[in-house]
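Report on the structure given below.
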Amino acid sequence: MLKPKRIFNPQGDDRPESRLLIGGNTTNLMQLNQTRYRWAIPLYRRMLANFWIPEKVDMTTDFASFVKLTPAEQRAYKSVLSFLTFLDSIQTTNIPNLASWITAPEVVLCLTVHAFQEAVHAQSYQYMLETLFEPDERNRLYDLWRDDPILLARNHAIAAHYQTFLDDPTQENFQAALVANYLLEGLYFMNGFYFFYQLGSRNRMLRSMEIIKYIHRDELTHLALFQHIIRELYTPQQLAPVVERLLTEAVAQEISWSQHIFVDIPGITPETIVQFTHYLADRRLQGLGLAPRYGQKKSPYEALDKYAGVGSESTVMGNFFEATVVEYQMSSTISGWEEI
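According to the numbering used here, the sequence shown is numbered sequentially starting from -18.
As C-alpha cells, then:
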C-alpha cells in the first residue's frame, strides 16, 4: 500500500537529496528554495504562461457558422463536446487525488496548475455550448452518455482506472492510474481536436477552433508532466505490462468512438482515424522509452498542424519537453527555484 502524506509533518525532511516523488518524508510545506526534480521548474513556468480564459474569445461568428455545417458535422461537433466535457470534468476531480500522494512540492505545484486548467477547459465547453444551443439542447448534450451506449462504455472504462486506485491505493494501481492519465492526455481525445482543425481549415467554426487550440496547448503540458512523473518512477521494463494492457484498450476505444461520431466528415475517414490513432500510440510508447508497436511514422493530418499553431505536438513536445525525456537522466539536486 502507498503511504498517504500528512497535511503537516513536523518530522519531515525537505532537503533535496531526501525528496521522493511518492512515499517521501515531506513536511508538506512548499519548500522551493531547493528542488530535486529540476524539470518541474520550466514546466511550471510554461503552464503558468499558458493562462487564458474562454470569455476572451468572441464566439458570435460561430453561431452563424454552425447552421451552415452539414447534419453530420453538427452531430460530430456536439458529440465531441459531450465527451470532452466528461474527460475534463473527471480530470478536475482526479488530478488532486493523484497529487495527494506526491511528496515533492515542485511537482505538486505543476499538478495544481494542471487541475485548474482542466476546470477552465470544462468551463470552456460550457461557454461554447451556451453560445450555440438552447438550454434543453445543452442539457441533452451534457447527458448524452445516458443515451449513447458507446459513449457510456467509454466513460466507464476511463473512470474505472481512477476509481480502482481510489478504492485500493496500492503501488500497482497507482502505476496504472498514472499510465491511464498519460494516455488520456495524449490519445483519448486527439481525434476530436483535429476535427476542429479540419473545420477551421475550411473556414468554419473558427472561434471554436481557437478555444481548442488553447486547450490543446495546455493538454500537451499535462502530457509532458505525466511523462516525466512516470519515467521518474518506473523503468521501461517495469512499465511494459501495464502500458501494453492500457494502450491496447485506449487505441481500440479511440478508434471505435471516433469512427462512431466522424461519419461523412470531409478529410476524416475510418482509415485516417486508425492511422492517426496508431501514430499517436507509437509516440506515447516512445515517450515512455518503449518501442513503437504500430509502425505509423506519419500523421495523416500533418497538413492540419498549422491550424493547431502553438498547440501542435511538434511545437510543445518536440521543442520544449521531448529532448529532456528522450535523453532521460534521473533527476539531480539543484540549488534554487530560479536556478535553471
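In this text, a Cβ means the ideal position worked out from N, Cα and C, and glycines have one as well. A quick note: this is a predicted structure, and the numbers were derived from the prediction, not measured.
In chain order, what residues of the same chain lie with their CB nearer than 6 Å to the CB of M171, ignoring the 5 residues before and after it?
Answer for M171: L261, listed in chain order.
From I236, R0 and R56, pick the residue whose C-alpha is nearest to that of E213; which is it?
Answer by Cα proximity: R0.
Among I242, D245 and Q256, which residue has its Cα nearest to the Cα of V232?
Comparing Cα positions, the closest option is Q256.
Nearest-angstrom Cα distance between E235 and N(-10)?
Rounded to whole angstroms, E235 to N(-10) spans 43 Å at the Cα level.
Measure how close the beta-carbons of G4 and T84 come, nearest whole angstrom, since I'm counting them as under 8 Å.
Contact holds; Cβ gap of about 7 Å.
May I ask which residues mark the beginning and end of the alpha helix (DSSP H) holding I196?
Run containing I196: L187 to L214, per the alpha helix (DSSP H) assignment.
Alpha carbon to alpha carbon, how far is A158 from L90?
The alpha-carbon atoms of A158 and L90 are separated by roughly 19 Å.
Could you give the DSSP three-state label for Q(-8): helix, strand or coil?
Three-state result, Q(-8): coil.
From Q12 to I(-12), what does the alpha carbon distance come to, in whole angstroms?
Going from the Cα of Q12 to the Cα of I(-12) covers about 14 Å.
Do D43 and R198 have their CB atoms nearer than 7 Å?
Not in contact: D43 and R198 (Cβ atoms no closer than 7 Å).
In terms of residues, what are the limits of the alpha helix (DSSP H) holding I131?
Counting along the chain, the alpha helix (DSSP H) containing I131 begins and ends at P130 to D148.
Can the beta-carbon of H203 be found less than 7 Å from the beta-carbon of W20?
Taking 7 Å as the Cβ cut-off, H203 and W20 do not qualify as a contacting pair.
Exposed or buried, which one is P23 when buried takes at least 16 other CB atoms within 10 Å?
So P23 counts as exposed.
Measuring CB to CB, does L168 end up less than 7 Å from P217?
No; because the gap between Cβ atoms is not below 7 Å, this pair is not in contact.
Can you grab the Cα-Cα spacing for the pair D117 / L110, in whole Å?
Distance between the alpha carbons of D117 and L110: 11 Å.
Report yes if the C-beta distance between K(-14) and N9 is below 7 Å; otherwise report no.
Yes, the pair counts as a contact, with Cβ atoms nearer than the cut-off.
How big is the Cα-Cα spacing for L201 and D263?
The straight-line gap from Cα to Cα measures roughly 16 Å.
Contact defined as beta carbons within less than 8 Å: I believe F64 pairs with G181. What is the distance between those atoms, to the nearest angstrom?
At roughly 19 Å, the Cβ-Cβ gap does not stay under 8 Å, so F64 and G181 are not in contact.
Could you please give me the residues that DSSP links to I83 through a beta bridge?
Note: I83 sits in a beta bridge opposite I3.
Rounding to the nearest angstrom, what Cα-Cα distance links A221 and L266 in this structure?
A221 and L266: Cα-Cα distance of roughly 9 Å.
Please name the residue in F207, L132, H259 and V224 whose C-alpha comes closest to that of P374.
The displayed coordinates of the chain run from -18 to 321. Any statement about residue 374 would go beyond what the structure contains.
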